[in-house]
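The listed protein sequences derive, respectively, from chains L and H. Per my numbering, the very first residue in the first sequence carries number 1; after that it's consecutive. Per my numbering, the very first residue in the second sequence carries number 450; after that it's consecutive. For each residue, glycine too, the CB sits at the ideal point set by N, CA and C. Below: one structure, written as structure tokens.
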Amino acid sequence: MTTEGEFHIRKPPATLSQSQQPVSLEALDDYPYKSVALASTRANLTGLWRYWRPYYQTKRAPCDAACPVGNQVVDYIQTVVEGHWQKAANVLRSENPLPAVTGRVCHRPCELSCNRRQYDQRIAIHDIEAVLAEIQFEPLRFPPTPVPRAVAVVGSGPAELAFAFFMASLHHAVTLFETAEALGGRLRAGPQARHLPDGLLDAEIERIVGERMAVQHSAVGLEELKAKYEGIFGGVHSPEELMLVLPGGRDRSPDEPVPFPGVGAHEVAQPTLPIRAPLRVSEAIGYGKWVALLLDAYWRGLNPADTLSHIQVGGNPRIVSALKYLALLTDHPLQRSEEVVTYDKLQLDMLESPSSWDPVLVTEAEGLLTSQWATRDDLQRVLAEAHRCFSCGRCNHCDNCWVYCPDAVISRSEGRYEIDYDYCKGCLLCAAVCPRRVLSVIEEEKWNG
Amino acid sequence: MERIIMNGNSAAAYGAVLSRVQVTAAYPISPQTGIVEALAQHIASGRLKAKFIMAESEHSVMASLIAASEAGARVFTATSSQGLALMHELLHWAAGARLPIVMVNVNRAMSAPWTMYCDQSDIIAQRDTGWLHVYCEQNQEALDAIIQGYKVAEQVMLPVLVNMDGYYNSYTTEPVDVYDIEDVDRYLPPYNPPVKLDPNEPHTLHGGTGPHLFMEMRYQMWEAMEHARAVAQEADEEFGQIFGHRYGLTEAYGCEDAELVLVGSGSLVGTLREVVDERRERGERIGLLKIRYLRPFPTQQVRQAVASAQQIAVIDRNVSVGMGGVFWQEVRSALYGSQVRDRPVLGFIAGLGGRDVTPGTVDQIIQIARSNPPQDVPIWIELKERR
Ligand code: SF4
Ligand code: SF4
């Protein structure tokens with residue numbers, strides 16, 4: 001039977017009930033004009049159907065994995081894109097004590113492995129680095145070491161400077177021995193020197209040395225040093241051959257081997273460790289840093305080989321990150337996988353085109369400049385360049401997952417996305433549309449162990 | 450108001466502009482492409498503030514319009530033939546979801562064999578999807594039917610399909626009145642749906658519905674469609690008062706005293722009109738019934754129009770293979786049970802796949818009608834003879 005009634009569009013109740021109570025529709029007039037749920041469907045935990053679990057995981061960009069210094073390239077580039085210049089400078093300076101130098105003289109393995117190189121043109125990472133080096137920053141702070149050590153550094157080339165810098169940052173008493181009048185070693189005399197404008201190197205070295213270490217311009221012999229210092233690093237016999245000498249002291253006898261990882265085939269190094277100085281500037285900086293962090297770990301009672309496995313970048317035991325070391329010391333392990341997001345892992349179809357940027361950002365950065373080596377033009381150029389970066393392996397809030405999830409179970413707040421696993425059915429559309437491999441997939445059973 | 454010479458595609462685009470549609474998604478297909486191009490230009494020039502979505506298929510077109518409409522936007526698209534067919538499942542969805550979408554179909558015969566030319570086989574196949582179906586005779590009517598379409602759709606909450614003939618309308622230029630948009634605003638208020646998607650108050654739409662609930666939902670659609678007759682009538686009346694063009698759900702032309710009533714739809718009505726004028730001048734009692742709405746079917750109007758006729762001849766530019774022309778069936782079933790149920794209702798199939806329906810064709814139809822041909826099989830007109 002049908003009824004000839006007055007026609008009207010029956011609206012559902014103004015606030016649709018979120019209750020779990022079943023609604024009874026006894027009469028035709030109880031029905032809304034269209035099929036709108038009158039009670040919540042939240043009782044159906046559809047997430048129980050899930051076989052594959054999508055989850056967010058930051059990974060490694062190839063640029064990071066290629067940088068011998070251990071620069072967190074994608075982090076500082078994307079921090080610039082987000083408009084936080086000083087934070088970006090902090091990230092840069094945390095890993096690299098000489099960015100104004102490497103930005104100009106590095107052989108740029110990062111750019112060689114930049115994914116965008118296969119797409120159109122690499123990102124001019126060195127340019128961003130050099131300009132960011134002129135922005136005000138706050139130095140990285142490590143937790144105090146229980147027993148600060150007396151450390152001697154012989155020579156002041158890039159490796160020695162980096163070693164001295166990190167040792168001082170890690171609260172050790174550093175004395176730098178350099179017979180030449182000016183610090184810098186081969187940075188001053190070598191073939192790269194012509195790329196460094198007058199005064200730039202001085203300013204960079206001043207930022208490293210400052211009040212934080214003693215400098216002596218007299219010549220010293222190894223025996224003399226061994227008597228006074230617990231750790232000696234540098235070109236003790238010649239600048240071409242770097243050495244780490246651990247004379248022993250309060251916690252070990254002079255002949256006891258040090259469990260220092262990875263120099264050539266040696267698993268366990270002798271207390272005196274000669275190494276051929278790496279030829280390239282950035283490799284030398286990375287090496288000084290590598291020795292400093294692992295030595296500090298050793299002195300803090302950590303196993304250096306273990307530490308290395310925690311702080312290496314992109315699975316490469318030659319490259320270490322100070323920020324990762326800090327995370328280890330402060331017990332804040334970074335939720336980051338070292339899987340390198342190579343070109344084939346990008347979802348090129350889903351990549352967004354470069355967004356435009358606010359000129360206010362340039363003005364802000366201008367106010368943070370500390371020198372005349374970067375200008376407004378440089379800032380503008382670098383900002384545009386930063387916007388070209390694909391942000392490989394690092395979420396840049398493109399919103400694709402949030403937009404595409406057919407079940408609308410991804411929520412977004414304050415730059416974070418969250419998946420509601422009570423309702424995620426594991427269709428993996430989110431993973432398929434993530435351009436940069438941040439969304440990862442694992443079988444639910446494996447996730448649960 | 451401005452009177453501009455334009456083809457039907459441009460007129461349809463103007464209809465969308467004047468209706469201030471907010472979202473349009475489209476996929477080009479001849480002979481509809483001109484509408485999409487014109488709309489893209491209107492949007493690019495800023496005349497129409499709307500989001501233009503280039504979809505990868507007609508299926509996606511309708512899917513995105515359904516979503517946009519659920520979100521509260523006034524949405525528009527146009528398609529033809531295979532494109533319309535590709536949308537089919539979503540046409541049901543749009544109607545069942547009670548979304549007042551307006552879509553223009555520039556009709557074109559369904560292939561195979563491959564063809565670009567006009568007939569109603571595409572649109573007729575969508576008859577039962579729950580959309581209102583409006584057939585236009587002229588370009589002006591297409592523009593007007595879109596504006597009226599929103600007016601009606603948004604009251605009964607059902608989608609509207611506006612059909613015009615490929616080539617005959619889409620590519621033929623005629624003078625068309627383009628109204629001042631302020632006047633259209635007075636006629637067509639902004640769209641404000643009773644229910645819309647709102648992230649702040651999420652709710653499930655169209656979820657799984659069991660047998661204990663489903664029939665009532667369908668019945669409400671039925672009710673809305675029944676009611677649409679009166680709403681469409683009123684909307685047409687008000688439109689006429691403001692803009693001076695009135696169409697009705699049907700138009701009975703010279704039917705009062707007609708012995709033979711020719712029934713048609715779409716652009717061929719123009720040809721019928723000429724022939725009827727000419728014949729009436731000669732004193733022949735021939736009338737014309739133009740069917741503008743196929744859904745809801747204007748049963749009463751049809752019954753009235755043919756009340757005095759001795760014979761009714763329905764000319765279909767479509768064929769339901771195995772039965773006959775669809776308008777023919779519709780008219781016959783509308784008359785069944787009425788006082789005129791015994792009048793012969795002849796079914797003629799003409800103009801398929803873009804074959805012209807000329808005054809000469811109509812003359813033949815009249816001649817055959819007068820020869821008292823069989824009534825229960827369709828008569829194919831201007832078909833080549835067997836050898
Ligand atoms: S595109 Fe950006 S994140 Fe990716 S490799 Fe290049 S610089 Fe690194
Ligand atoms: S798209 Fe949504 S439902 Fe699908 S796997 Fe991702 S979070 Fe789960």
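Inset, instruction - Tell me whether the beta-carbon of E683 of chain H lies closer than 7 Å to the beta-carbon of Y640 of chain H. - result: The residue you call residue 683 of chain H lines up with position 234 of the second sequence. The residue you call residue 640 of chain H lines up with position 191 of the second sequence. Contact flag unset, no.
Inset, instruction - Let me know the alpha helix (DSSP H) ranges lying completely inside the stretch 123-198 of chain L, each 4 residues or longer, listed in chain order. - result: With a minimum length of 4 residues, the continuous alpha helix (DSSP H) runs that stay inside the stretch 123-198 of chain L are 125-132, 158-169 and 186-189.
Inset, instruction - Express the C-alpha separation of D29 of chain L and E834 of chain H in angstroms, rounding to a whole number. - result: Residue 834 of chain H sits at position 385 when you count from the first residue of the second sequence. Residue 29 of chain L sits at position 29 when you count from the first residue of the first sequence. Linking E834 of chain H to D29 of chain L through their CA atoms gives a straight-line distance of about 59 Å.
Legend entry - C-alpha distance - D344 of chain L paired with G70 of chain L, whole-angstrom precision: Taking the first sequence and counting its residues from 1, the one referred to as residue 344 of chain L is at position 344. Taking the first sequence and counting its residues from 1, the one referred to as residue 70 of chain L is at position 70. The straight-line gap from Cα to Cα measures roughly 23 Å.
Inset, instruction - Note the first and the last residue of the continuous alpha helix (DSSP H) segment covering E671 of chain H. - result: Counting from 1 along the second sequence, the entry for residue 671 of chain H is found at position 222. A quick correction: the sequence has Trp, not Glu, at residue 671 of chain H. Counting along the chain, the alpha helix (DSSP H) containing W671 of chain H begins and ends at P660 to F692.
Legend entry - Interface flag, L295 of chain L vs chain H, CB-CB below 7 Å: Locating residue 295 of chain L in the first sequence gives position 295, counting from the first residue. It does not; no Cβ of chain H falls within 7 Å.
Inset, instruction - Would you please verify whether the beta carbon of V644 of chain H is less than 7 Å from any beta carbon of chain L? - result: Here residue 644 of chain H refers to the residue found at position 195 of the second sequence. So yes, V644 of chain H belongs to the interface.
Inset, instruction - Under the assumption that I205 of chain L contacts L161 of chain L (Cβ atoms under 8 Å), give the Cβ distance between them as a whole number of angstroms. - result: Here residue 205 of chain L corresponds to residue number 205 of the first sequence, with the count starting at 1. Here residue 161 of chain L corresponds to residue number 161 of the first sequence, with the count starting at 1. So it is a contact: roughly 7 Å between Cβ atoms.
Legend entry - CA-to-CA distance, V91 of chain L to A130 of chain L, given in whole angstroms: Sequence index remark: in the first sequence, residue 130 of chain L carries index 130 (1-based). Sequence index remark: in the first sequence, residue 91 of chain L carries index 91 (1-based). In a straight line, the C-alpha of A130 of chain L is about 14 Å away from that of V91 of chain L.
Inset, instruction - For F663 of chain H, count neighbouring C-beta atoms within 10 Å of its own C-beta (all shown protein chains included) and say buried if the count is 16 or more, exposed if not. - result: The count along the second sequence starts at 1 and reaches residue 663 of chain H at position 214. By the neighbour-count rule (16 or more Cβ atoms within 10 Å), F663 of chain H is not buried but exposed.
Inset, instruction - Can you check the stretch 387-444 of chain L for any beta strand (DSSP E) of at least 3 residues that lies completely inside it and give the ranges in chain order? - result: Unbroken beta strand (DSSP E) runs of no fewer than 3 residues, entirely contained in the stretch 387-444 of chain L, are found at 410-413, 416-419 and 439-443, following chain order.
Legend entry - Heavy atom of ligand 1 within 6 Å of R116 of chain L beta-carbon: On the first sequence, residue 116 of chain L is found 116 positions in, with the first residue counted as 1. In this structure, R116 of chain L has its CB closer than 6 Å to one or more heavy atoms of ligand 1.
Inset, instruction - Give the C-beta separation of A534 of chain H and D571 of chain H to the nearest angstrom, bearing in mind that I take them to be a contact with Cβ-Cβ under 8 Å. - result: Here residue 534 of chain H refers to the residue found at position 85 of the second sequence. Here residue 571 of chain H refers to the residue found at position 122 of the second sequence. Contact between A534 of chain H and D571 of chain H holds: CB atoms are separated by about 6 Å, below the 8 Å threshold.
Inset, instruction - Report all residues from its chain with a CB closer than 6 Å to the CB of L225 of chain L; omit the five preceding and five following residues, and keep chain order. - result: Translated into positions along the first sequence, residue 225 of chain L becomes position 225. Same-chain partners within the cutoff: A152 and I232.
Inset, instruction - Indicate whether at least one CB of chain H lies closer than 7 Å to the CB of K87 of chain L. - result: Position 87 of the first sequence, counted from the first residue, corresponds to residue 87 of chain L. Cβ-Cβ to chain H under 7 Å: no for K87 of chain L.
Legend entry - Closer than 7 Å to chain H by CB, T41 of chain L: For this step, residue 41 of chain L is matched to residue 41 along the first sequence. So, interface residue.
Inset, instruction - Measure the Cβ-Cβ separation of G719 of chain H and E623 of chain H and say whether it is below 7 Å. - result: Mapped onto the second sequence, residue 719 of chain H falls at position 270. Mapped onto the second sequence, residue 623 of chain H falls at position 174. In this structure, E623 of chain H does not lie closer than 7 Å to G719 of chain H by Cβ.
Legend entry - C-alpha distance - M666 of chain H paired with G579 of chain H, whole-angstrom precision: Translated into positions along the second sequence, residue 666 of chain H becomes position 217. Translated into positions along the second sequence, residue 579 of chain H becomes position 130. In this structure, the CA atom of M666 of chain H is about 12 Å from the CA atom of G579 of chain H.
Inset, instruction - Name the one or two DSSP bridge partners that W49 of chain L has. - result: Taking the first sequence and counting its residues from 1, the one referred to as residue 49 of chain L is at position 49. Answer is none; W49 of chain L lacks a bridge partner.
Legend entry - H676 of chain H: contacting residues in chain L (beta-carbon distance under 8 Å): Position 227 of the second sequence, counted from the first residue, corresponds to residue 676 of chain H. Residues of chain L passing the Cβ test: F7.
Legend entry - I123 of chain L Cβ short of 6 Å to ligand 1 heavy atom set: Residue numbering aside, residue 123 of chain L sits at position 123 when the first sequence is read from its first letter. Yes - ligand 1 has a heavy atom lying nearer than 6 Å to the Cβ of I123 of chain L.
Inset, instruction - Could you work out which residue in H:Q569, H:A504, H:A561 and H:Y476 is closest to T528 of chain H when comparing CA atoms only? - result: If you number the second sequence from 1, residue 528 of chain H lands on position 79. Comparing Cα positions, the closest option is H:Y476.
Inset, instruction - Pair every Cβ in the stretch 97-111 of chain L with every Cβ in the stretch 315-334 of chain L, then say whether three or more of these pairs are closer than 8 Å. - result: Short answer: they don't touch.
Legend entry - Contact set between T748 of chain H and chain L, taken where Cβ atoms lie within less than 8 Å: Against the second sequence, residue 748 of chain H aligns to sequence position 299. Under a criterion of Cβ atoms nearer than 8 Å, no residue of chain L is adjacent to T748 of chain H; the nearest Cβ is some 15 Å distant.
Legend entry - DSSP three-state assignment for H266 of chain L, whether helix, strand or coil: As a first step, residue 266 of chain L is located in the first sequence; it is residue number 266 there, counting from the start. Per-residue confidence for H266 of chain L stands at a pLDDT of 36, beneath the threshold of 50, marking its modelled position as unreliable; the derived number appears in the next sentence. Looking at H266 of chain L - three-state DSSP - the assignment turns out to be strand.
Legend entry - Closer than 6 Å: P62 of chain L CB and nearest ligand 1 heavy atom: One-based indexing of the first sequence puts residue 62 of chain L at position 62. Taking 6 Å as the cut-off, one finds at least one heavy atom of ligand 1 near enough to the beta carbon of P62 of chain L.
Inset, instruction - Taking only beta-carbon positions, decide if L383 of chain L is within less than 7 Å of chain H. - result: Counting from one through the first sequence, the residue named residue 383 of chain L turns up at place 383. Answer no: the Cβ-Cβ gap between L383 of chain L and chain H never drops below 7 Å.
Inset, instruction - Please classify Q788 of chain H: does DSSP put it in a helix, a strand, or coil? - result: Counted from its first residue, the second sequence places residue 788 of chain H at position 339. Q788 of chain H: coil per DSSP, three-state reduction.
Legend entry - CB of Q78 of chain L within 7 Å of CB of E95 of chain L, strictly: Position 78 of the first sequence, counted from the first residue, corresponds to residue 78 of chain L. Position 95 of the first sequence, counted from the first residue, corresponds to residue 95 of chain L. Not closer than 7 Å, so no.
Legend entry - Rounded straight-line distance, which links the Cα of F390 of chain L to that of V340 of chain L: Counted from its first residue, the first sequence places residue 340 of chain L at position 340. Counted from its first residue, the first sequence places residue 390 of chain L at position 390. Spanning the two alpha carbons is a distance of roughly 14 Å.
Inset, instruction - Measure the alpha-carbon distance for V101 of chain L versus E364 of chain L and round it to whole angstroms. - result: In the first sequence, counting from the first residue as 1, residue 101 of chain L sits at position 101. In the first sequence, counting from the first residue as 1, residue 364 of chain L sits at position 364. Rounded to whole angstroms, V101 of chain L to E364 of chain L spans 24 Å at the Cα level.
Legend entry - Spatial distance of R117 of chain L from D75 of chain L (CA atoms): As a working mapping, residue 117 of chain L is identified with position 117 in the first sequence. As a working mapping, residue 75 of chain L is identified with position 75 in the first sequence. Rounded to the nearest angstrom, the two C-alpha atoms are 19 Å apart.
Legend entry - Beta-carbon spacing of V763 of chain H, G736 of chain H below 7 Å: The residue you call residue 763 of chain H lines up with position 314 of the second sequence. The residue you call residue 736 of chain H lines up with position 287 of the second sequence. Their beta carbons are not under 7 Å apart, which means V763 of chain H does not touch G736 of chain H by this criterion.
Inset, instruction - Report the rounded CA-to-CA distance for Q759 of chain H versus V794 of chain H, giving the unit in angstroms. - result: Sequence index remark: in the second sequence, residue 759 of chain H carries index 310 (1-based). Sequence index remark: in the second sequence, residue 794 of chain H carries index 345 (1-based). For Q759 of chain H and V794 of chain H, the distance between alpha carbons rounds to 9 Å.
Legend entry - Residue range of the unbroken alpha helix (DSSP H) whose run includes P549 of chain H: For this step, residue 549 of chain H is matched to residue 100 along the second sequence. Note, P549 of chain H: premise wrong, no alpha helix (DSSP H); not H, not E.
Inset, instruction - Using the Cα positions of G786 of chain H and S560 of chain H, report the straight-line distance between them to the nearest angstrom. - result: Start at 1 with the first residue of the second sequence, and residue 786 of chain H comes out as number 337. Start at 1 with the first residue of the second sequence, and residue 560 of chain H comes out as number 111. When rounded, the distance between both Cα atoms is 37 Å.
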